[in-house]
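Listed in order, the protein sequences are those of chains A and B.
Reading the first sequence from the start, the letters are residues 15 to 123 in the numbering used here.
Reading the second sequence from the start, the letters are residues 10 to 124 in the numbering used here.
Using N, Cα and C, we set each Cβ at its ideal position, and we do this for glycine too.
All values reported here derive from a predicted model rather than from experimental measurement.
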Amino acid sequence: AQRVTQPEKLLSVFKGAPVELKCNYSYSGSPELFWYVQYSRQRLQLLLRHISRESIKGFTADLNKGETSFHLKKPFAQEEDSAMYYCALRRNQGGKLIFGQGTELSVKP
Amino acid sequence: GAGVSQSPSNKVTEKGKDVELRCDPISGHTALYWYRQSLGQGLEFLIYFQGNSAPDKSGLPSDRFSAERTGGSVSTLTIQRTQQEDSAVYLCASSSPGQGYDTQYFGPGTRLTVL
Numbered sequence: 015a016q017r018v019t020q021p022e023k024l025l026s027v028f029k030g031a032p033v034e035l036k037c038n039y040s041y042s043g044s045p046e047l048f049w050y051v052q053y054s055r056q057r058l059q060l061l062l063r064h065i066s067r068e069s070i071k072g073f074t075a076d077l078n079k080g081e082t083s084f085h086l087k088k089p090f091a092q093e094e095d096s097a098m099y100y101c102a103l104r105r106n107q108g109g110k111l112i113f114g115q116g117t118e119l120s121v122k123p
Numbered sequence: 010g011a012g013v014s015q016s017p018s019n020k021v022t023e024k025g026k027d028v029e030l031r032c033d034p035i036s037g038h039t040a041l042y043w044y045r046q047s048l049g050q051g052l053e054f055l056i057y058f059q060g061n062s063a064p065d066k067s068g069l070p071s072d073r074f075s076a077e078r079t080g081g082s083v084s085t086l087t088i089q090r091t092q093q094e095d096s097a098v099y100l101c102a103s104s105s106p107g108q109g110y111d112t113q114y115f116g117p118g119t120r121l122t123v124l
């Protein structure tokens with residue numbers, strides 16, 4: 015069965031500090047991994063996807079198949095990064111997303 | 010031009026009553042998804058429609074839940090004989106083949122409260 019685990023419910027850092035939101039997955043095939051973000055009173059939206067290897071708002075995530083991880087990183091956190099972050103896995107193009115439980119990131123001034 | 014819309018934004022109902030939740034996807038998006046967001050369970054997949062294919066109903070928690078998509082556009086999620094554990098935010102999303110379905114665009118959700 016596919017599963018996505020985000021071990022931290024809440025991550026609190028100070029502005030300017032590095033941040034890493036952890037995501038581990040279990041899936042026997044080749045998954046597609048995503049990070050979605052939900053800012054306060056806004057809709058859930060795509061942040062980045064592993065296949066495009068992009069940096070969005072300073073965030074990056076590398077798929078590590080050996081460790082089955084897809085951690086989200088940013089070298090210098092900003093207050094506007096405070097939000098709920100969800101890691102998600104998709105088995106095939108167009109298919110459903112399997113989400114982790116989410117990590118609330120709080121960036122303090 | 011508009012994003013995914015959902016109605017109503019809030020719904021309060023009594024245990025045992027039926028409810029219908031509506032989703033209007035982005036025009037041209039052939040894939041439509043329903044998810045549920047609740048405190049205890051996080052974000053759970055419910056059902057997925059793709060064009061004219063049979064829907065993937067594997068996430069529906071019980072036979073009290075059903076959904077349909079008429080004309081390949083608007084979708085309605087129906088919950089019969091609601092229970093208190095059905096209380097959650099119900100999210101709809103749609104995606105486009107033009108982007109390889111990579112990006113799912115989410116609606117604002119319907120907050121369902123079962124008293």
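Check	Outcome
If we cut at 8 Å on Cβ distances, does B/ASP65 have a partner in chain A?	yes
Does DSSP put B/SER103 in a helix, in a strand, or in coil?	strand
Checking contacts by CB at 8 Å: is B/GLN113 closer than that to chain A?	yes
I want to verify the contact list: residues of chain A whose CB lies under 8 Å from the CB of B/PRO117, in sequence order.	ARG57
Please identify the residue among B/GLY51, B/GLU23, B/GLY68 and B/ALA11 whose C-alpha is closest to the C-alpha of B/GLN93.	B/GLU23
Give me the DSSP bridge partner(s) of B/ARG45.	B/GLU53 and B/TYR99
Against chain A, does B/PHE54 count as a neighbour if the rule is that its beta carbon must be under 8 Å from one of theirs?	yes
In the DSSP assignment, the beta strand (DSSP E) including A/GLN16 goes from what residue to what residue?	No beta strand (DSSP E) holds A/GLN16; DSSP gives it neither H nor E.
According to DSSP, what are the bridge partners of B/ASP65?	B/TYR57
Distance check for A/GLN20 and A/SER40, CA to CA, integer angstroms please.	12 Å
So which residues of chain B does A/PHE112 contact, with C-beta pairs closer than 7 Å?	The question names Phe, but residue 112 of chain A in the sequence shown is Ile. The answer, in chain order, is PHE54.
Do the stretch 21-28 of chain A and the stretch 106-117 of chain A make contact, defined as three or more Cβ pairs closer than 8 Å?	yes
Is A/SER4 helix, strand or coil when you go by DSSP?	Here chain A comprises residues numbered 15 to 123, so residue 4 of chain A is not present and cannot be evaluated.
Quick one: does A/TYR100 have its CB under 8 Å from some CB of chain B?	yes
Under three-state DSSP, which class holds A/LEU46?	Sequence inspection shows Glu at residue 46 of chain A; the Leu mentioned does not correspond to that position. A/GLU46 falls in the strand class under three-state DSSP.
Show which residues of chain A have a CB atom less than 7 Å away from the CB atom of B/TYR42.	LYS110
Taking the alpha carbon of A/TYR99 as the point to measure from, which residue in A/HIS85, A/ASN78, A/ARG105 and A/GLY43 has its own alpha carbon closest?	A/HIS85
Check whether the stretch 62-72 of chain A and the stretch 59-75 of chain B are in contact - that is, three or more C-beta pairs closer than 8 Å.	no
Please confirm whether A/GLY116 has its beta-carbon closer than 8 Å to some beta-carbon of chain B.	yes
Smallest Cα separation from A/PHE28: which of A/PRO89, A/SER83 and A/LEU111?	A/PRO89
How far does the beta strand (DSSP E) with B/ASP33 in it reach, from first residue to last?	28-33
Helix, strand or coil for A/GLU81, going by three-state DSSP, please let me know.	coil
Drop a sphere of 10 angstroms on the beta-carbon of A/PRO45, count the other beta-carbons inside from all chains shown, and report buried for 16 or more, exposed for fewer.	buried
B/GLY107 CB to nearest chain A CB: under 8 Å?	no
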